[in-house]
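Going by UniProt numbering, the sequence shown opens with residue 27, and the numbers climb by one from there. In what follows, a single structure is set out as structure tokens and then discussed.
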Amino acid sequence: PAEIFRKDYKPFAWRMPNTFLDFQLGLDETLVTATLEVERNPVAEVSRTIRLNGDGLELVSLHCDGADCEGHTMDGDDLVISLSGDSHTLTIVTRLAPSANSQLMGLYASNGMLCTQCEAEGFRRITFFPDRPDVLSTYTVRMSGPKALFPILLSNGNRTDSGEEGENHWAEWHDPWPKPSYLFALVAGDLVARVDSFTTMSGRKVDLAVWVRDEDLPRTEHAMESLKRAMTWDEETFGREYDLDCFNIVAVSDFNMGAMENKGLNVFNTKYVLADPETATDGDYDGIEGVIGHEYFHNWSGNRITCRDWFQLSLKEGFTVLRDQLFSQDMGSAPVKRIEDVRVLRSVQFPEDSGPLAHPIRPDSFREISNFYTATVYNKGAEVIRMMRTMAGPERFRKGTDLYFERHDGEAATCEDFVSAIEDGAGLDLKQFRLWYSQAGTPRIKLDSERSGDKLELTFRQEVPPTPGQDTKQPMVIPLKTALFDRGGGEPAKESLVVLDSAETKVTIEDAPENAVLSLNRGFSAPVRIERDIAREDLAFLAMHDDDPFARYEAMQDLVVGHLVEAAGGTQGDNSRTEAEDAIVQALGAILTDDRLDDLMRGELMLLPSVTYLMEQLLIADPALIHAEREALKAKLGASLGDSFKALHERAAAVPFAMDAAAKGARKVKSLALAYCAAADPVRASQMADEQYDRADNMTDRQGALMALCGIDSPERTARLLDFYERYKGNPLVIDKWFAIQASSLHPQVVEHVKALADHPDFTLKNPNRVRSLYMAFAGNPHGFHAASGEGYRMIADLILALDPLNAQTAARFVPSLGRWRRIEPKRAGMMQAELQRIADAPKLSRDTYEQVTRSLG
Ligand code: B3K
Ligand code: ZN
27 PAEIFRKDYK PFAWRMPNTF LDFQLGLDET LVTATLEVER NPVAEVSRTI RLNGDGLELV
87 SLHCDGADCE GHTMDGDDLV ISLSGDSHTL TIVTRLAPSA NSQLMGLYAS NGMLCTQCEA
147 EGFRRITFFP DRPDVLSTYT VRMSGPKALF PILLSNGNRT DSGEEGENHW AEWHDPWPKP
207 SYLFALVAGD LVARVDSFTT MSGRKVDLAV WVRDEDLPRT EHAMESLKRA MTWDEETFGR
267 EYDLDCFNIV AVSDFNMGAM ENKGLNVFNT KYVLADPETA TDGDYDGIEG VIGHEYFHNW
327 SGNRITCRDW FQLSLKEGFT VLRDQLFSQD MGSAPVKRIE DVRVLRSVQF PEDSGPLAHP
387 IRPDSFREIS NFYTATVYNK GAEVIRMMRT MAGPERFRKG TDLYFERHDG EAATCEDFVS
447 AIEDGAGLDL KQFRLWYSQA GTPRIKLDSE RSGDKLELTF RQEVPPTPGQ DTKQPMVIPL
507 KTALFDRGGG EPAKESLVVL DSAETKVTIE DAPENAVLSL NRGFSAPVRI ERDIAREDLA
567 FLAMHDDDPF ARYEAMQDLV VGHLVEAAGG TQGDNSRTEA EDAIVQALGA ILTDDRLDDL
627 MRGELMLLPS VTYLMEQLLI ADPALIHAER EALKAKLGAS LGDSFKALHE RAAAVPFAMD
687 AAAKGARKVK SLALAYCAAA DPVRASQMAD EQYDRADNMT DRQGALMALC GIDSPERTAR
747 LLDFYERYKG NPLVIDKWFA IQASSLHPQV VEHVKALADH PDFTLKNPNR VRSLYMAFAG
807 NPHGFHAASG EGYRMIADLI LALDPLNAQT AARFVPSLGR WRRIEPKRAG MMQAELQRIA
867 DAPKLSRDTY EQVTRSLG
């Protein structure tokens, strides 16, 4: 498959002012008649032909201006038509087989209904079309089909007409906003809606609906409330008003990702719509609010202003992720949300940025765009825009985004357009800052400090490591929030922003108190790694006293990381092990009982860094050693602080169920306390977990208890797993949890368990949620995936090979776990590489998997 380059961008030779689509719907066969108005694009090079993209389409007929078409050829899957004049009307009929569409791209059947997914290049699986984001068209859609099968017919925009024809009925939808093909959507099925309405800031009433299967209706309240909160928030925070008379959300059970922002008709994975306390955890509730917000915010950042080409993906995704993060910060605990977002960034994006798949947030080339919906484009993309906001401050940043929306409304824009608008609107100079768009890799900052008299001299040295295709890098603009604490107990620290912009930056602090401790990169103001020599006492001090919640979390993490990395690297003497452990015990002990902390934040401070994050700290890591040391520390903490954990568990268990922060916090620390107890004293903890399971009146508690039990070889384990299954067997989203809990467990036989689960009658490769629940959970379970025998690697490679022909996009998502081999000890690295090679040697690979495997082999 060919590589496509950003530098080769050219505008399309034709414009597509109006597009009419007629669907004769059927699950096994759907006929699509596309009527396309085409006219020459005056600002593009003249062409005598038009290239319409297709992907596996059956062409039934083709007409140009009502007559047989003079010249047309197929070029691969694309249709190339000769056009002599300046404007024409093309009429194209294609035949689709939705039930046979296992890729879940284009028009497909799910659970008896029909739905679409077009981003990035799925529209070409519906009809021949210039399937690129810079070709905007106004869509009118007519669909007809059996009323019994598809009582509800939905598309983008507003419904303009409908009627009946015997057993069949039809509906017509018109979307007044010109859009690219990737935002097209259609849904037909037996659905019911929770309806509500929203009055916008200028007083327009919008009809809201969340469409689901009948039995799921009681679980839609949270989604609807989240939507209304998102609509209000976007008006208040970004001045963005909704622009159609209705907004529809549809929940679909077979979906490749989380959700899709189709204009006026968002299609969602059921996982991000359905919730009630009995079946969804607090984490699920937060996830739903965040994703509903994200897709809604795309209406402006993505739909009204879209991307010129797919290299600009971060224009809409980075910005929209930032918008959903700020929304969630405002709806709940801002510090906890920030910590969670940083944790995701560092456990997913940092490894990507230091591995074979590293790419800038605006990539320079790709073979398959689906592979670039990455944590780099999304989450690092959001961090880059967040830095602009930090440097400008929220008010000036808002001036920048106002200007961006005003300047580019209705256009297909570039990342450069965005940066220019922020630069002009916020009054920032972002010349050098633009390097964040072109350079991959996580910058490293080394800090040295020297004291002379009252002065403290800080020297920051930055370095951006080489990444594939980028050997040398330029210094970046890095805004670091800092504060100096006086351990002697003087004035409270004042925060200031230090902006690094060269390889070496010196900062002098006058009148630095003698015991000063520097708190650095507060709020994680820049997505970088910091290396500095800091005394354990100073970290412990910050872990207990820093007034920036993120910095406090970070100090606690650093304290643990320092110890575990030394312990796993074998460079630690017995004495210093004891000292390090004691310091951690003391700091955590203080956290457990600090009554100035709320429980949501306490829970964050109780979390140990993940094995993935720990592995990232080492050039070459032995996952088994790291895992063992991490578990040993957990057991040590559980034993030394046993009474405190039990007391905390008891206190939290007494808090009755509610959805407020206090009750959510109580549930969070409850299951964390249980996990520490389980590490120290499994037998005793089995009883605690059993009790928590029995008393649970919500999924958060029940899942927390089952997770603890699942890691312990005990009779209770089997009984509770059985009970859980029986209780929830009609609910696919909860059965997904049942698979995931077992696949991510600490049980010694987890590999055997996963093998057995793959043969369970409820397991299927056809449903992406189910595949992820078993295998993503397993690939993220270091002690199973990195089993010394290599069996974990083999299982993931077998899965990729089996899934690739069915669902290439989902299959390719598993490749990065094997791609980390260069940073792993040689024996395992060899086995991982061999599995990648085995995949590469398979006779017929999708473009998705082929690209990921070859890049990973390097
Ligand atoms: N824009 C979609 C992602 C589409 C992924 C296609 N492979 C969802 C989102 O980011 O909001
Ligand atoms: Zn998005």
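Note that CB positions come from ideal geometry on N, CA and C, so glycine has one too.
| Asked | Found |
| --- | --- |
| Where P852 falls: helix, strand or coil (DSSP) | helix |
| E517: first and last residue of the uninterrupted beta strand (DSSP E) it sits in | Premise fails: E517 is in no beta strand (DSSP E) and is neither H nor E. |
| Inter-residue spacing [alpha-carbon to alpha-carbon] between E877 and E394 | 7 Å |
| Boundaries (first-last residue) of the alpha helix (DSSP H) holding P649 | P649 to S666 |
| Touching by the beta-carbon criterion (3+ pairs, under 8 Å), the segment 772 to 784 and the segment 806 to 825 | yes |
| Counted within 10 angstroms of its Cβ, other Cβ atoms place N601 as buried (16 or more) or exposed | exposed |
| Cut-off 6 Å between Cβ atoms - residues of its own chain near W847, not counting five sequence neighbours on either side | A855, M858 and Q859 |
| Member of L825, A650 and A561 whose CA lies at the smallest distance from the CA of H809 | A650 |
| Spatial distance of V370 from K406 (CA atoms) | 10 Å |
| Same chain only: Cβ atoms within 7 Å of G750, ignoring 5 sequence neighbours per side | One point to set straight first is that residue 750 is Phe, not Gly, in the sequence displayed. Within the same chain, F750 has close Cβ partners L732 and W764. |
| Three-state secondary structure (DSSP) of D350 | helix |
| Contact shell at 6 Å, judged by CB to any heavy atom of the ligand ZN, ordered along the chain | H320, H324, E343 and T346 |
| Identity of the residues DSSP links to R121 by a beta bridge | L57 and E84 |
| Buried or exposed by the 16-neighbour rule on C-beta atoms within 10 Å, applied to S522 | exposed |
| Residue burial classification, E145 (beta-carbon count within 10 angstroms, cutoff 16) | buried |
| Cut-off 7 Å between Cβ atoms - residues of its own chain near L829, not counting five sequence neighbours on either side | L791, V797, T836 and A837 |
| Classification of E655 by the beta-carbon crowding that lies within 10 angstroms, buried from 16 upward | buried |
| Continuous beta strand (DSSP E) assignments of at least 3 residues falling wholly in the segment 200 to 271 | 212 to 215, 218 to 225 and 231 to 238 |
| Three-state secondary structure (DSSP) of L735 | helix |
| Segment limits, alpha helix (DSSP H) that includes D280 | Looking at the DSSP string, D280 is not in any alpha helix (DSSP H), and its letter there is neither H nor E. |
| R168 classed as buried or exposed, judged by whether at least 16 other C-beta atoms fall within 10 angstroms | buried |
| Segment contact flag, the segment 375 to 391 with the segment 354 to 367, C-beta cutoff 8 Å, min 3 pairs | no |
| Backbone CA spacing between L253 and T164 [nearest angstrom] | 26 Å |
| Residues that R487 bridges to, as DSSP identifies them | K472 and E530 |
| Reference S228, options E262, E752, E851 and L217, closest by Cα | E262 |
| Check: S396 C-beta below 7 Å from any heavy atom of the ligand B3K | yes |
| Cβ pair M641, R470 closer than 8 Å | no |
| Start and end residues, beta strand (DSSP E) containing D104 | D104 to S108 |
| Assigned secondary structure, Y165 (DSSP; H/G/I helix, E/B strand, else coil) | strand |
| Residue closest to K173, alpha-carbon to alpha-carbon, out of S872, D216, F345 and R349 | D216 |
| Cβ neighbours of A301 in the same chain (closer than 6 Å, five flanking residues each side left out) | R245, H248, D310, Y311 and I314 |
| Any non-hydrogen atom of the ligand B3K closer than 7 Å to M858 Cβ | no |
| Classification of F49 by the beta-carbon crowding that lies within 10 angstroms, buried from 16 upward | buried |
| Stretch pair the segment 501 to 515 + the segment 527 to 545: three plus CB contacts closer than 8 Å | yes |
| Whole-angstrom distance between V403 and residue 885, CA atom to CA atom | Since the first residue shown for the chain is 27 and the last is 884, residue 885 is missing from the structure and cannot be characterised. |
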